[in-house]
């Protein structure tokens with residue numbers, strides 16, 4: 316470990332953030348040593364990324380911050396910063412021992428060893444602090460592990476869905492009781508609420524036939540709003556007591572989905588444009604087949620005129636009056652020779 | 020925001036229910052029960068009221084639905100001036116039309132160009 320540690324430029328804020336957390340709780344901390352541990356970790360994790368796309372070093376720093384807030388000692392903070400280097404990088408335990416001493420290296424080794432610990436021992440450690448210390452050799456190794464999990468749970472949304480569930484269950488079964496046993500109540504409480512919220516959200520899968528129907532129906536809505544309506548409706552469905560009522564609710568929603576879609580696709584503009592384009596194209600094509608170019612053009616012009624007129628009437632606030640005006644205009648037509656257009660901008664009046 | 024929503028009878032019904040307690044928040048199923056309208060009608064109306072800026076919506080606070088052990092609700096409530104606008108619109112919708120429109124039972128006025 317004689318390589319010079321490069322301190323990446325974006326990293327200085329990370330480090331100063333961490334030192335800020337430490338200074339709040341323990342002003343007498345050995346910041347030089349912690350800075351060195353940070354630089355070593357940043358050096359070894361250089362170029363690695365978290366799932367979120369953040370530089371990997373943000374993770375050990377976040378873990379160290381959680382521990383700094385909990386008032387843990389310098390060795391624990393150094394080991395927290397370095398807890399992943401032996402596993403994920405070429406850095407060796409011997410190198411760590413040489414650079415940071417037996418205490419820090421031993422803690423890192425103990426944290427790594429915890430992942431391979433037999434399940435029954437881990438389960439025992441959850442409720443009994445003596446068993447916990449026997450398992451890890453050092454209480455602080457467990458403390459680091461709990462903080463590690465807390466940060467993972469905080470950033471869980473970047474994982475695939477199945478993994479989120481797995482990690483959340485693990486957190487509830489093992490890490491929450493372990494945190495309580497270790498006296499880290501605040502961390503335990505945060506872990507518990509985050510993990511159980513993830514599981515609760517997952518439980519809200521469509522489940523019933525009505526739920527599946529509703530979830531499928533949202534495909535007709537604009538992409539950006541699907542998730543919201545899906546969650547909203549499934550939540551409503553959840554509190555309806557009987558299957559019959561759920562089915563009724565689902566059928567009602569499906570019956571109204573057209574109205575909702577038109578509302579959400581910004582006052583129907585998209586639908587209207589698409590449907591008139593298809594209609595016009597169809598008319599043009601049939602004209603072309605029936606009588607060649609001239610007929611096609613005449614029919615297209617007529618179709619555009621009719622569509623324009625219909626839209627003009629339908630979009631009006633006072634449809635009856637528009638319709639009256641229209642009928643009136645058409646009736647006046649024979650007198651004034653030419654076929655009048657209901658609106659100047661309407662093409663097709665020459666056809 | 021966009022223009023005012025059309026005051027259909029169903030929209031008026033929803034607004035009148037909400038105006039009973041203008042500061043409360045409502046969820047879709049609750050409005051469905053209180054208005055007796057089908058769910059498929061409620062949600063498009065709420066979407067339109069939201070677009071018009073009369074109503075805002077938000078997800079329920081975790082503290083509430085977690086203690087009640089159910090998924091979070093989506094709540095609707097009147098926006099800043101939403102209740103005022105809604106009250107005006109409902110009142111206006113009730114006012115009888117000043118001029119009867121031509122149509123059933125109302126004689127057609129003399130329209131220019133209608134004589135044969």
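Residue numbers (our numbering), protein chains in the order written: chain R, 316 to 666; chain V, 20 to 135. All residues carry an ideal CB built from backbone N, CA and C; glycine is no exception.
Worksheet item: Should residue 60 of chain V be flagged as near chain R, meaning a C-beta pair shorter than 9 Å?
Response: yes
Worksheet item: Does residue 44 of chain V have its Cβ less than 9 Å from a Cβ in chain R?
Response: no
Discussion item. Quick check on residue 48 of chain V - is its C-beta less than 9 Å from some C-beta in chain R?
Written reply: yes
Fill in: Rounded distance between the beta-carbons of residue 454 of chain R and residue 461 of chain R, thought under 8 Å
Not really, about 11 Å apart at Cβ, beyond 8 Å.
Discussion item. Here's a check: name, in chain order, each residue in its chain whose Cβ is nearer than 6 Å to the Cβ of residue 540 of chain R, leaving out the five neighbours to either side.
Written reply: 579
Item to complete: Give the single residue among R:378, R:474 and R:469 whose Cα lies nearest to the Cα of residue 456 of chain R.
Response: R:378
Worksheet item: Taking the C-alpha atoms as reference points, what is the distance between residue 434 of chain R and residue 443 of chain R?
Response: 15 Å
Discussion item. Do residue 31 of chain V and residue 112 of chain V have their beta-carbon atoms positioned less than 9 Å apart in this structure?
Written reply: yes
Worksheet entry | Spatial distance of residue 339 of chain R from residue 50 of chain V (CA atoms) | 50 Å
Fill in: Through-space distance from residue 645 of chain R to residue 654 of chain R, alpha-carbon basis
The pLDDT assigned to residue 654 of chain R is 49, lower than 50, so where the model puts this residue is not dependable; a value taken from the coordinates is nonetheless given after this. In a straight line, the C-alpha of residue 654 of chain R is about 8 Å away from that of residue 645 of chain R.
Discussion item. If we define contact as Cβ-Cβ less than 9 Å, is residue 546 of chain R a contact residue for chain V?
Written reply: yes
Worksheet item: Rounded to a whole number of angstroms, what is the C-alpha to C-alpha distance between residue 334 of chain R and residue 75 of chain V?
Response: 42 Å
Discussion item. I need the straight-line Cα distance from residue 418 of chain R to residue 412 of chain R, nearest angstrom please.
Written reply: 8 Å
Item to complete: With 7 Å as the C-beta to C-beta threshold (strictly closer), list the residues of the segment 520-532 of chain R near chain V in chain order.
Response: none
Worksheet entry | Positions along the segment 87-108 of chain V whose CB lies within less than 9 Å of some CB in chain R | 88, 89, 90, 91, 92 and 93
Fill in: Through-space distance from residue 77 of chain V to residue 391 of chain R, alpha-carbon basis
42 Å
Worksheet item: Are the segment 601-616 of chain R and the segment 558-571 of chain R touching, with three or more C-beta to C-beta distances below 8 Å?
Response: no
Practice prompt. Taking only beta-carbon positions, decide if residue 553 of chain R is within less than 9 Å of chain V.
Written response: yes
Worksheet item: Any idea if residue 310 of chain R is buried or exposed, counting beta-carbon neighbours within 10 angstroms, 16 or more meaning buried?
Response: Residue 310 of chain R is absent from the model: chain R starts at 316 and stops at 666.
Worksheet item: From residue 344 of chain R to residue 430 of chain R, what does the alpha carbon distance come to, in whole angstroms?
Response: 29 Å
Practice prompt. Go ahead and pull the three-state DSSP assignment for residue 76 of chain V.
Written response: strand
Item to complete: Starting from the Cα of residue 409 of chain R, find the closest Cα among R:399, R:421 and R:403 and give me that residue.
Response: R:421
Worksheet entry | C-beta atoms of residue 425 of chain R and residue 396 of chain R nearer than 9 Å | no
Worksheet entry | 4-residue-minimum alpha helix (DSSP H) runs that sit fully inside the segment 448-502 of chain R, ordered along the chain | 454-469, 476-485 and 491-496
Practice prompt. Check whether the Cβ of residue 41 of chain V lies closer than 9 Å to any Cβ atom in chain R.
Written response: no
Item to complete: Mind listing the chain R neighbours of residue 67 of chain V? Cutoff is C-beta to C-beta under 7 Å, in chain order.
Response: 578
Practice prompt. Pull up the distance between the alpha-carbon of residue 349 of chain R and that of residue 393 of chain R, whole angstroms please.
Written response: 6 Å
Fill in: Cutoff 9 Å: residue 111 of chain V Cβ touching any chain R Cβ
no
Item to complete: Give the single residue among R:446, R:483, R:487 and R:566 whose Cα lies nearest to the Cα of residue 525 of chain R.
Response: R:566
Worksheet item: Which residues in the same chain have their Cβ closer than 8 Å to the Cβ of residue 109 of chain V, if we skip the five residues on either side of it in sequence?
Response: 26, 31, 34, 35 and 38
Worksheet item: Exposed or buried, residue 458 of chain R, counting other C-beta atoms within 10 Å across all chains shown (16 or more means buried)?
Response: buried
Worksheet item: With a CB to CB cut of under 7 Å and the five nearest residues on each side skipped, what residues in its chain are close to residue 319 of chain R?
Response: At residue 319 of chain R the pLDDT is 43, less than 50, meaning the model places this residue with poor confidence and gives no usable figure here.
Worksheet item: Quick one: what does DSSP say residue 360 of chain R is sitting in, helix, strand or coil?
Response: helix
Worksheet item: Between residue 51 of chain V and chain R, is there a C-beta pair that is closer than 9 Å?
Response: yes
Worksheet item: When we look at the beta-carbon of residue 372 of chain R and count the other beta-carbons within 10 Å, is it buried (16 or more) or exposed?
Response: buried
Worksheet item: Checking contacts by CB at 9 Å: is residue 70 of chain V closer than that to chain R?
Response: yes
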